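Here is the structure we will look at, set down as structure tokens.
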Amino acid sequence: MNTNKNQPVVGLFITCLADLYRPEVGFATIKLLEQSGCRVEVPSQQTCCGQPAFNTGDYSTSADIARQTIAAFDGFEYVVAPSGSCIGMLHHYPELFEDNDPWKARAEDLKKRAFEITSFLVDVLKIDDFKVDATAPTFNGSVTYHDSCSGLRELGIKAQPRQLLAQVDGVELKEMEESETCCGFGGTFCVKYPDISNRMVGNKTQNIVDAGAKTLLGGDLGCLLNMAGKLQREGHAVEVRHVVEILAGMTDQPALGEAQSSVKAG
Amino acid sequence: MSKAEILGQIRRGLGRTEPSAADRDAVASRIAAHKANLIPARAQIPEKECQQLFIDMAREAAADVIELNSLKALPSAIAEWLDQYSITDLVAAVDAPLPELCKKLPETIHIRTGVAQAGDLASLTTAFLGIAETGTLMLYSRPDSPTTLNFLPDNHLVVLNRSDIVGVYEEAWAKVRELNQGKMPRTVNMITGPSRSADIEQKLQMGAHGPRRLAIFLID
Amino acid sequence: MQITSPDFKQNARIALQDVGLQKALGNVKTGFPHKRATAMARLPEFDQLRDEARDLKNHIIENLDIYLEAFESKVLENGGHVHWCRTSEDARKTILKICQEKNARTVTKGKSMVTEEINLNEYLEANGVTPVETDLGEYILQLRGEHPSHIIAPAIHLNLEDVSETFHANHHKPKSMDPAVLMQEAREELRNKFVAADVGITGANFLVAETGSSIIVTNEGNGDLTQILPKTHIVVTSIEKVVPTLEDMTLFLRLLARSATGQEFTVYNTLSTGPRREGDQDGPEEYHVVLVDNGRSEMIASELREMLRCIRCAACMNHCPVYGAVGGHSYGWVYPGPMGSVLTPQMIGIEKGALLPNASTFCGKCESVCPVRIPLPKLMRYWRRNEFEKHLTPKAARWGIGVWGFFAKRPALYRQLSSFSNLALRTLAGKKARINKLPLASGWTDGRDMPAPSDKTFMQLWSEKQKNGASS
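Protein sequence lines, in the order shown, are assigned to chains A, B and C. In terms of the numbering used here, the first sequence has 236 at position 217, counting the first letter as 1, and numbering is strictly consecutive. In terms of the numbering used here, the second sequence has 331 at position 113, counting the first letter as 1, and numbering is strictly consecutive. In terms of the numbering used here, the third sequence has 15 at position 10, counting the first letter as 1, and numbering is strictly consecutive.
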């Protein structure tokens with residue numbers, strides 16, 4: 020690992036779902052950051068961003084978790100996560116504190132430093148000659164991209180992943196209809212209103228299948244798990260991956276919900 | 219007292235008891251200034267282009283626009299228009315130039331003046347203004363131009379002078395304020411095309427309750 | 006109208022299985038969003054106008070008391086009457102009293118959601134006054150004994166066959182499947198009712214403080230016939246509709262039609278200022294404005310204040326995937342979709358309305374299309390917080406968040422729990438990489454599989470890697 024003083028130091032916010040479901044997404048994110056010249060650390064005091072509590076209206080628990088996250092990422096120049104939804108939640112932290120609470124300023128400060136990975140690469144590092152690791156297995160095939168709601172509408176992530184994908188040899192983007200329409204995951208929504216959620220994801224998978232791409236990509240594992248589960252239940256052959264897996268050239272792992280993956284560290 | 223309760227609750231929400239004299243003055247002068255907000259560039263264009271924009275937008279809204287070189291051409295144009303729908307009855311407003319005009323219509327057309335009745339097939343009025351940005355007519359109520367004429371008959375024929383086309387709504391309000399020493403007319407109608415509804419399966423049908431057709435006779 | 010908001014889940018389940026309703030809802034999805042997008046693209050200043058509209062509404066609310074008084078004094082100056090009504094009941098009684106003073110037997114009505122809100126029709130009918138809805142959609146619903154399922158397209162839940170049958174049963178004419186013929190029937194049926202009505206009731210889209218005018222915005226012309234033919238015109242509206250000047254009204258008009266139906270401008274925008282003037286041959290002899298509060302003034306003190314900016318365009322529901330899936334009636338009261346999910350708990354109580362602000366994925370589409378930039382997800386979250394703090398959140402959800410929160414606040418325990426749960430889910434998945442039946446989450450697995458988690462968590466793998474001193 021190269022170290023120099025100008026190297027941006029990034030704290031990786033792994034997110035619950037990447038931690039539990041898809042460690043590859045964490046490693047792919049680290050790889051992308053390191054190959055872009057960042058030094059990456061993973062603070063051990065992080066857990067969840069607190070969104071389930073926030074969206075249930077439990078502001079007290081949300082604030083406790085916010086304080087813990089703010090403290091865990093103190094001192095990092097940037098905080099990066101492979102999720103627009105979780106970073107979106109970090110951007111909500113200031114709403115949890117009164118104006119005269121010192122945590123408010125710290126929350127504002129964290130908000131300024133917190134980025135979703137594709138937005139970080141494009142908007143902050145301004146990588147314009149993005150290249151996939153030449154030694155990695157090449158990905159050949161068509162993809163379609165689902166714009167996850169929080170990333171799209173809270174953080175303005177739309178062009179960034181497409182801009183990066185356009186520089187990956189062998190990737191053909193086939194846009195689906197209504198790529199900006201919610202997949203029905205919605206965190207606790209899919210548990211509280213499963214019937215409605217199921218209808219929404221059914222509408223979504225219809226558009227995905229109609230796009231005719233081999234692989235569905237997105238930037239949020241919640242949505243991807245939801246859509247993968249529906250595609251598989253419906254028996255469609257579309258494979259589902261997080262966009263960083265393609266960008267980092269880490270497609271040797273089975274897609275989401277495909278046969279047993281054996282994760283190797285690094 | 220509902221009024222006192224409502225105002226009291228609003229004021230509690232705003233964190234005040236009574237508005238200060240300064241607050242009241244600020245509101246009064248804001249109203250008096252009636253300043254324009256952002257005006258889209260679309261209709262802030264030279265006069266000729268503005269007139270063409272009015273025609274295009276009115277036609278887009280399904281109005282029939284008949285361009286005429288002079289007032290002289292109007293009687294035959296109206297007669298022709300009515301004839302294509304085999305209409306022989308017309309209820310007309312009585313502001314200038316309509317009475318003179320009506321005298322020149324063929325005798326086969328029966329003309330009545332006054333308010334409209336259910337069952338009237340066609341009415342004839344003038345328009346106060348045309349507003350280019352959306353192809354909108356502006357009419358207002360007064361003794362010689364009853365408002366029912368604009369809504370009850372199946373067909374509404376409107377005479378508009380080309381010189382009465384303005385670009386944007388704001389210009390129209392300035393002209394409305396010049397009427398009746400600044401007192402707002404009882405009814406001001408902005409009309410953009412004929413009546414319609416999409417309440418059945420979102421399929422647009424023309425002629426819901428108001429006129430099925432709107433014909434604008436545009437005079438040079 | 007009967008409130009069924011507490012049964013939202015059940016309503017939604019039925020709606021999802023209703024083939025006819027699902028077909029009709031397809032018309033929302035394919036129509037409105039596309040038309041709005043087209044109209045927006047034709048007006049490059051659209052987003053700037055939205056910013057100005059948001060700021061102007063904020064200014065109005067900050068001075069709402071003063072603007073309302075200014076409006077009232079202008080109405081009085083023009084010879085009209087203003088009635089201030091704190092509650093729905095006040096408003097109903099006030100309106101009935103005016104009708105009774107005029108010995109009114111029939112009342113024509115333009116489309117008005119406020120009259121739905123105060124349950125006016127049933128009240129008038131119970132007191133011997135017959136209300137006749139004249140908007141085509143509202144007329145269809147009145148014949149069917151239904152309420153609107155959408156604030157600007159009230160009958161959007163119906164299909165052509167439904168309207169055809171309803172008209173056939175009521176108009177005693179041959180059955181037609183041609184929308185043009187059906188509309189013509191309604192036109193003929195209502196023509197005489199317009200003329201015969203004693204009182205006309207309309208809503209108002211805006212009230213202009215400068216002139217004391219009310220404005221209605223319609224495509225059909227029914228609102229105009231309602232207000233110019235009877236001897237008495239009653240405007241039933243709510244306190245947040247006031248705007249300072251004609252120019253300010255114009256700002257909102259430029260946004261309203263484009264956001265609602267995607268039209269450049271609605272066909273009829275009509276300003277009414279007082280009763281008929283000397284020498285006028287038509288127009289109402291009396292002009293009344295009934296100003297309804299019904300909980301709105303209380304919203305000013307809370308985060309809900311921003312909801313008072315709403316101009317009732319329906320863009321939020323037209324773009325809402327939840328509304329699109331279950332339709333307006335599922336929401337169980339007058340206002341559906343995102344704006345309804347914010348307003349309903351205020352008007353019927355959070356105890357009855359709590360399921361509505363929860364029925365959102367917070368996808369944010371509603372906020373992104375709102376012409377006055379109301380942060381609808383934030384306001385729905387306001388209600389969830391209110392619900393949580395009042396201990397109204399369902400026990401299972403509260404317990405779940407409690408247990409989860411306990412671990413989430415303790416990173417070391419959280420690591421152990423996540424490793425353990427991965428192991429458990431892995432075991433359930435077996436050799437397959439997904440789970441098709443999951444205890445406690447059957448809602449998920451009834452309709453889709455649950456991809457199985459990884460063998461080890463990222464944090465386990467990362468710490469192993471750090472211990473090995475490996476570096477990529």
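C-beta atoms are modelled at their ideal positions from N, C-alpha and C, and glycine is treated no differently. Model, not experiment: these values are computed from the prediction.
Q | CB-CB length for residue 156 of chain C against residue 125 of chain C, believed under 8 Å | A | About 16 Å separates the two Cβ atoms, so there is no contact after all.
Q) What residues match up with residue 90 of chain C in a beta bridge as DSSP calls it? A) C/297
Q: Answer yes or no: does any C-beta atom of chain C fall closer than 9 Å to that of residue 260 of chain A?
A: no
Q: For residue 301 of chain B, count neighbouring Cβ atoms within 10 angstroms of its own Cβ and tell me buried if that reaches 16, exposed if not.
A: exposed
Q) Can you name, in chain order, every residue of its own chain whose Cβ lies under 8 Å from the Cβ of residue 26 of chain A, other than the five neighbours on each side? A) 56, 57 and 58
Q. In or out: residue 285 of chain A buried (at least 16 other Cβ within 10 Å) or exposed?
A. Because the pLDDT at residue 285 of chain A is just 38, under 50, the model does not fix this residue reliably, and the point stays unresolved.
Q.
For a minimum of 3 consecutive residues, which ranges assigned as the beta strand (DSSP E) are wholly contained in the region 160-230 of chain A?
A. 160-165 and 190-192
Q) Are the C-beta of residue 28 of chain A and some C-beta of chain C separated by less than 9 Å? A) no
Q) Are the beta-carbon atoms belonging to residue 242 of chain C and residue 294 of chain C less than 9 Å from one another? A) yes
Q: Can you have a look at residue 256 of chain B and say buried or exposed, based on whether 16 or more other CB atoms are within 10 angstroms of its CB?
A: exposed
**Q.** Cross-chain neighbours of residue 252 of chain C in chain B, by beta carbon under 7 Å
**A.** 252, 253, 254, 255, 388 and 391
(Q) Let's test the definition: count the other Cβ atoms within 10 Å of the Cβ of residue 238 of chain B and tell me whether it reaches 16, buried, or not, exposed. (A) exposed
Q: Report the option in A/184, A/65, A/89 and A/95 whose CA atom is closest to the CA atom of residue 235 of chain A.
A: A/184
Q) With contact counted as at least three CB pairs below 8 Å, one residue from each stretch, are the region 61-71 of chain C and the region 263-278 of chain A in contact? A) no
Q. With distances taken from CA atoms, which of A/222, A/141 and A/155 is nearest residue 149 of chain A?
A. A/141
Q: Measuring only between beta-carbons, confirm whether residue 304 of chain C sits less than 9 Å from chain B.
A: yes
Q: Compare the Cα-Cα distances from residue 373 of chain C to each of A/218, A/169, A/204 and A/206 and report the closest residue.
A: A/169
Q: Identify each residue in the region 213-247 of chain A for which the Cβ-Cβ distance to at least one residue of chain C is less than 8 Å, and report them in chain order.
A: 213, 214, 215, 216, 217, 218, 219, 220, 221, 222, 244, 245 and 247
**Q.** Among A/214, A/246 and A/237, nearest to residue 223 of chain A - alpha-carbon criterion
**A.** A/246
Q) What residues in its chain sit with their C-beta under 8 Å from that of residue 20 of chain A, if we drop five residues either side in the sequence? A) At residue 20 of chain A the pLDDT is 44, less than 50, meaning the model places this residue with poor confidence and gives no usable figure here.
Q) What first and last residue would you give for the alpha helix (DSSP H) that runs through residue 330 of chain B? A) Careful: residue 330 of chain B lies outside any alpha helix (DSSP H), inside the beta strand (DSSP E) at 328-331.
**Q.** Identified DSSP bridge partners for residue 356 of chain B
**A.** B/347 and B/408
Q: Just the C-alpha distance for residue 346 of chain B and residue 23 of chain C, rounded to the nearest angstrom, thanks.
A: 51 Å
Q: Give the residues of chain C in contact with residue 221 of chain B, contact being defined as C-beta atoms less than 7 Å apart.
A: 89
Q. With 16 other CB atoms within 10 Å as the buried threshold, where does residue 69 of chain C fall?
A. buried
**Q.** For residue 386 of chain B, three-class secondary structure by DSSP
**A.** coil
Q) When Cβ atoms are compared, which residues of the region 103-130 of chain C fall closer than 9 Å to chain A? A) none
**Q.** Rounded C-alpha distance that separates residue 265 of chain C from residue 319 of chain C
**A.** 6 Å
Q) Along chain A, in chain order, which residues have C-beta atoms closer than 9 Å to that of residue 481 of chain C? A) With chain C covering only 6 through 477, there is no way to say anything about residue 481 of chain C.
Q: Could you list which residues in chain A have their beta carbon closer than 7 Å to that of residue 140 of chain C, in chain order?
A: Chain A residues near residue 140 of chain C: none, gap ~29 Å exceeds 7 Å.
Q: Decide if the region 60-71 of chain A is in contact with the region 28-36 of chain A; the criterion is three or more beta carbon pairs, one per stretch, under 8 Å apart.
A: yes
Q: Using a Cβ-Cβ cut-off of less than 7 Å, give me the residues of the region 278-292 of chain C that come near chain B, in sequence order.
A: 278, 279, 281, 282, 284, 285, 286, 287 and 288
Q. Helix, strand or coil for residue 408 of chain C per DSSP?
A. helix
Q. How big is the Cα-Cα spacing for residue 228 of chain C and residue 114 of chain C?
A. 7 Å
Q.
Does any residue of chain C have a CB that is nearer than 9 Å to the CB of residue 376 of chain B?
A. no
(Q) Please state whether the Cβ-Cβ distance between residue 351 of chain C and residue 312 of chain C is less than 9 Å. (A) yes
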